[in-house]
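**Student:**
In the working numbering, the protein residues as written are 685 to 1129.
1) Can you grab the Cα-Cα spacing for the pair residue 790 / residue 730, in whole Å?
2) Consult DSSP for residue 794 and reduce its assignment to one of helix, strand or coil.
3) Residue 990: buried (16+ other C-beta within 10 angstroms of its C-beta) or exposed?
4) I'd like to check one pair, residue 766 with residue 691: are the Cβ atoms closer than 8 Å?
5) Helix, strand or coil: which one does DSSP assign to residue 851?
6) Cα separation between residue 948 and residue 986?
7) What residue does the alpha helix (DSSP H) around residue 639 start on, and which one ends it?
8) Taking DSSP as the reference, what is the three-state secondary structure of residue 1122?
9) Jot down the residue ranges of each uninterrupted alpha helix (DSSP H) in the segment 719–774, minimum 4 residues, whole runs only, in chain order.
10) What three-state label does DSSP hand residue 697 in the structure shown?
11) Taking the CB atoms as reference points, tell me whether residue 1068 and residue 1002 lie closer together than 8 Å.
12) Can you name the start and end residues of the alpha helix (DSSP H) that residue 1022 belongs to?
13) For residue 886 and residue 914, I'd like the C-alpha separation in whole angstroms.
14) Looking at the structure shown, is residue 1102 part of a helix, part of a strand, or coil, going by DSSP?
15) Evaluate the contact criterion for the segment 695–712 versus the segment 741–757: three or more CB pairs, one atom per stretch, below 8 Å.
16) May I have the straight-line CA-CA distance separating residue 872 from residue 758, to the nearest angstrom?
17) In three-state terms, what does DSSP make of residue 943?
18) Can you tell me whether DSSP reads residue 1039 as helix, strand or coil?
19) Could you give the first and the last residue of the continuous alpha helix (DSSP H) run that contains residue 862?
20) Start and end of the alpha helix (DSSP H) containing residue 879?
21) Let's test the definition: count the other Cβ atoms within 10 Å of the Cβ of residue 877 and tell me whether it reaches 16, buried, or not, exposed.
22) Which value, in whole angstroms, describes the spacing of the CA atoms of residue 900 and residue 839?
23) Quick check on residue 840: does DSSP put it in helix, strand or coil?
24) State the CB to CB distance for the pair residue 1043 and residue 1019, rounded to an integer number of angstroms; the pair is presumed to be in contact (CB under 8 Å).
25) Can you list, in chain order, the residues of its chain whose CB lies under 8 Å from that of residue 850, leaving out five sequence neighbours each side?
26) What are the boundary residues of the alpha helix (DSSP H) that includes residue 647?
27) Straight-line CA distance for residue 1016 to residue 1124?
Here's what the structure looks like:
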């Protein structure tokens, strides 16, 4: 079934593509500085570029998640959104908050808390925006003809993501207390409730693309939810040791962080197994590439590299180094960016009526972006290991070490260019589809 209200998803996806483009641009600003080309920092200081780069990562992914929800929930609930007008109001207000925050960063208007830099007044606008979004989604689901496990897990992930934003808004005089609750947002988002969002979107795509029975696919969701909460909540403890909390947390955090790859392994096995069982040969191969790619790359980036990096014996040396960047880039790319690009690839032909399932541009976008990201991950990893050895073992000065490893950032920039080329091709393919049409999105009972 197709619903006219789903066209709102397209504009959220378009916003996410714009924000992704800006995020990459600011990433290049930092990358050039690492190889001695500091000229751009006369216009955009490093701290500004870093804040914009990291915060846009969160906002463009959230825009993609919201677009995915506006596409999936009507189809799962088998009814139109309760208010399309309010959905557009929510879209515009989200874009305004993002623009104001980015402009503010350039004038040093921020809180200075990594990933949560936006000024406090904008925090309240974010809360209002997300409450409006949740209201539209949950009321649509409540009034719908059915409530599927896929829709409920997706909605639960979005609800808890909103709930866990609130601890980051509490003001503390103590730096330790502030950091403690900041990790409730940052860690429990990316290694907790966002996994539920990924699981919900992954389930929806596999149902549509493989033809495997819904009941079989949705049973896997219970496993994923269980593993996510088991590992994600207590796994947060591996951050606590470095902010002055009791030493027991590095043990608890290390043990449960070691279990986190199981959730991503379950998703990878789940996706590949459903694909192999599937009898349906869906023509949208690009969506299938992104879907399977997300499950496999997330296991490597978030699961294996996260496991290798967060073990206490290793993390004592690698914490706060470029090894973190290695894990972070591939983890975010595989677990969340690729699943957003997967739902966009699936939904665009349905919303626009242009069945561009197999395009050379689309295939090139998939392979170039993944090859580029893997190359960036390797470059970060080699630079990070060298940094750890020179700083921790040889006790070299931080800035001296940065000069020694700058050659690795030349490789990083080359790989980043390959990645950016792939994303550019993806965006070209996105707009090549055109905008949604009522003819393509008409309700069929």
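Just so it is clear, CB atoms sit at the ideal spot from N, CA and C, and this is done for glycine as well.
**Tutor:** Put simply:
1) Your numbering for residue 790 matches position 106 in the chain shown. Your numbering for residue 730 matches position 46 in the chain shown. Computed Cα separation, rounded: 11 Å.
2) Your numbering for residue 794 matches position 110 in the chain shown. Coil at residue 794, not helix or strand.
3) Mapped onto the chain shown, residue 990 falls at position 306. Buried.
4) The count along the chain shown starts at 1 and reaches residue 691 at position 7. The count along the chain shown starts at 1 and reaches residue 766 at position 82. Cβ distance not < 8 Å, so residue 691 and residue 766 don't count as in contact.
5) Start at 1 with the first residue of the chain shown, and residue 851 comes out as number 167. Helix at residue 851.
6) As a first step, residue 948 must be located in the chain shown, where it is residue number 264. As a first step, residue 986 must be located in the chain shown, where it is residue number 302. Near 7 Å, if we compare the C-alpha coordinates of residue 986 and residue 948.
7) Residue 639 is absent from the model: the chain starts at 685 and stops at 1129.
8) Locating residue 1122 in the chain shown gives position 438, where the first residue counts as 1. Looking at residue 1122 - three-state DSSP - the assignment turns out to be coil, as it is neither helix nor strand.
9) 730–761
10) Taking the chain shown and counting its residues from 1, one reaches residue 697 at position 13. Three-state DSSP puts residue 697 in a helix.
11) In the chain shown, residue 1068 corresponds to position 384, counting from 1. In the chain shown, residue 1002 corresponds to position 318, counting from 1. Yes. Within cutoff.
12) For this step, residue 1022 is matched to residue 338 along the chain shown. Looking at the DSSP string, the run of the alpha helix (DSSP H) that includes residue 1022 is 1022–1036.
13) Your numbering for residue 886 matches position 202 in the chain shown. Your numbering for residue 914 matches position 230 in the chain shown. Their backbone Cα atoms lie some 20 Å apart in a straight line.
14) In the chain shown, residue 1102 corresponds to position 418, counting from 1. DSSP places residue 1102 in helix when its eight states are reduced to three.
15) yes
16) Position 188 of the chain shown, counted from the first residue, corresponds to residue 872. Position 74 of the chain shown, counted from the first residue, corresponds to residue 758. In a straight line, the C-alpha of residue 872 is about 28 Å away from that of residue 758.
17) Here residue 943 corresponds to residue number 259 of the chain shown, with the count starting at 1. Here residue 943 sits in coil by DSSP.
18) Taking the chain shown and counting its residues from 1, one reaches residue 1039 at position 355. Correct three-state label for residue 1039: coil.
19) Taking the first residue of the chain shown as position 1, residue 862 is located at position 178. Element bounds for residue 862: 859–872.
20) As a working note, residue 879 is residue 195 in the chain shown. Note, residue 879: alpha helix (DSSP H), 878–894.
21) Position 193 of the chain shown holds residue 877. That one is buried.
22) In the chain shown, residue 900 corresponds to position 216, counting from 1. In the chain shown, residue 839 corresponds to position 155, counting from 1. Whole-angstrom Cα-Cα distance: 20 Å.
23) As a first step, residue 840 is located in the chain shown; it is residue number 156 there, counting from the start. Correct three-state label for residue 840: helix.
24) Against the chain shown, residue 1043 aligns to sequence position 359. Against the chain shown, residue 1019 aligns to sequence position 335. That pair is no contact at about 26 Å.
25) Your numbering for residue 850 matches position 166 in the chain shown. Cβ neighbours of residue 850 beyond the five flanking positions: 811.
26) The requested residue 647 does not occur in the structure, where the chain is confined to residues 685 to 1129.
27) Start at 1 with the first residue of the chain shown, and residue 1016 comes out as number 332. Start at 1 with the first residue of the chain shown, and residue 1124 comes out as number 440. Rounded to the nearest angstrom, the two C-alpha atoms are 32 Å apart.
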